[in-house]
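Only one structure is covered here, and it is reproduced in the block below.
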Amino acid sequence: MGKKVFLQIASGLLILVGLWGCAEQKQASQVDNPQVAEEKKAEPIVLAVAGPFTGDSSEFGVQIKMAVELAAEELNKAGGVNGRPIQLQLEDDAGNPADAQNVATKIASNPKVVAVIGHFNSSCSLAAKGAYTEAKLVMFSPASTNVNVTRGSDYVFRNIFTDDFQGQCLARYAGEVLGLKKVA
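Counting from 1, one number per residue, gives the positions in the sequence shown under this note's numbering.
So this is what it looks like as structure tokens:
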């Protein structure tokens, strides 16, 4: 298994396990009424996955989708999160910002979605960010490196280095390891 695929699977698992902490606390009426508690327990946790499942970046989007599907399958086999199964809403943005904005609007309009994994491309994450922020829906990007993706929103996160940090690291590597003074 490649390092990239492993990191994507690990990211998906971390997000799904993190949902455990988002589970609703039982109110006294739910505790007193086992039927209500059981119905709530069986209600699925809906997680949206948005990315380029078609188009030029599809090889990356499909890997992310497969990683999240695998993580959800494993969690569901183990009994779900607090007894609630994970249900995925898969949405293809085709690596296109206009499509990503439409996908984000669709996802944000589903009140059952608790979080979004995606988008892959920074341009798509930037296009989708407004809809998720307005809906107060958490978006977690496994690949968007543009520094503006997470700026100005309390609901947008990433688990990858930003472009400015990567640039500093590459410059340092070029100077210290490769001994380069200039980059053409």
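Backbone N, C-alpha and C define an ideal beta-carbon position, used for all residues, glycine too.
Got a sec? Which residues, its chain only, sit under 7 Å from residue i by beta carbon, not counting five neighbours each side?
| i | result |
| --- | --- |
| residue 169 | none |
| residue 56 | 95 |
| residue 51 | 61, 64, 65, 93, 118, 119, 120 |
| residue 88 | 47, 49, 68, 69, 72 |
| residue 23 | Per-residue confidence for residue 23 stands at a pLDDT of 47, beneath the threshold of 50, marking its modelled position as unreliable; the derived number appears in the next sentence. If we look at residue 23 and ignore the five residues flanking it on each side, its Cβ neighbours are 81, 82. |
| residue 163 | 145, 146, 147 |
| residue 122 | 144, 145, 146, 149 |
| residue 166 | 145 |
| residue 177 | none |
Could you pull the start and end residues of the beta strand (DSSP E) that residue i belongs to?
| i | result |
| --- | --- |
| residue 92 | 86-92 |
| residue 113 | 113-117 |
| residue 51 | 45-51 |
Nearest by alpha-carbon distance to residue i: which of the options is it?
| i | options | result |
| --- | --- | --- |
| residue 68 | 111, 121, 86, 58 | 86 |
| residue 44 | 167, 83, 127, 183 | 83 |
| residue 125 | 100, 136, 114, 112 | 100 |
| residue 137 | 115, 166, 127 | 115 |
| residue 184 | 171, 113, 152 | 171 |
| residue 155 | 141, 103, 165 | 141 |
| residue 97 | 128, 152, 180, 78 | 128 |
| residue 79 | 182, 42, 104 | 42 |
| residue 153 | 104, 139, 74 | 139 |
Leaving out the 5 sequence neighbours to the left and right, which residues in its chain are closer than 8 Å to residue i when beta-carbon positions are compared?
| i | result |
| --- | --- |
| residue 187 | This structure gives no information on residue 187, because the portion of the chain shown stretches from 1 to 184. |
| residue 113 | 46, 47, 48, 89, 107, 137 |
| residue 180 | 174 |
| residue 157 | 138, 139, 140, 141, 150 |
May I ask which residues mark the beginning and end of the alpha helix (DSSP H) holding residue i?
| i | result |
| --- | --- |
| residue 137 | Here residue 137 belongs to no alpha helix (DSSP H), and DSSP marks it neither H nor E. |
| residue 61 | 58-77 |
| residue 104 | 97-108 |
Near residue i, which residues of its chain fall below 6 Å by C-beta distance, leaving aside the five closest residues on each side in sequence?
| i | result |
| --- | --- |
| residue 54 | 92, 94 |
What are the complete beta strand (DSSP E) segments, minimum 3 residues, inside the segment 140-170?
The qualifying runs are 156-158.
Does the segment 132-141 come close enough to the segment 99-113 to have 3 or more Cβ pairs within less than 8 Å?
Enough Cβ pairs lie closer than 8 Å, so yes.
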